[in-house]
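If you count the sequence shown from 1, you need to add 16 to reach the working numbering.
By construction, the Cβ of each residue, glycine as well, lies at the ideal position given by its N, Cα and C atoms.
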Amino acid sequence: MEARDILKRPVITERSSEVMADKKYTFEVDTRANKTQVKHAVQEIFGVQVEKVNIMNYKGKFKRMGKHAGYTNKRRKAIVKLTADSKDIELFDI
């Protein structure tokens, strides 16, 4: 898998914005990617050093539309902690 295929998008929520001060960044990743692949993808794309990776799996939610029922897609989220001497990741270009 390529690095651009592993990282889908950054997750920007109130909680993820608060932990950015601790050099922790949250990304939605491919469901087949493991911690090592996520670590190498972040280092390759952003040019930073990764200390630790935590991964969470979310199962699909049950949804219905009239008489049709099904599940949304499952998701996988990774929280990446950078080393203290690493530069910050610029998620916002303001």
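TODO: Identify, in the order they occur along the chain, each residue of the same chain with its Cβ nearer than 8 Å to the Cβ of Val27, setting aside the five sequence neighbours on each side.
DONE: For the purposes of this step, residue 27 is taken as the residue at position 11 of the sequence shown. Within the same chain, Val27 has close Cβ partners Thr42, Phe43, Glu44 and Lys93.
TODO: Would you mind stating whether Val69 and Lys83 have Cβ atoms separated by less than 8 Å?
DONE: Position 53 of the sequence shown, counting from 1, holds the residue named residue 69. Position 67 of the sequence shown, counting from 1, holds the residue named residue 83. No, these two residues do not count as a Cβ contact at 8 Å.
Task: Cutoff 6 Å; reference Ile61; Cβ partners in own chain excluding five residues on either side - done: Residue 61 sits at position 45 when you count from the first residue of the sequence shown. Hits under 6 Å: Ala19.
Open item on the list: Restricting to runs no shorter than 3 residues, where is the beta strand (DSSP E) found entirely within the stretch 38 to 77?
Closed with: 40 to 45 and 66 to 74
Task: Through-space distance from Ala100 to Tyr87, alpha-carbon basis - done: Here the question's residue 87 lines up with position 71 in the sequence shown. Here the question's residue 100 lines up with position 84 in the sequence shown. If I take the Cα positions, the gap works out to 41 Å.
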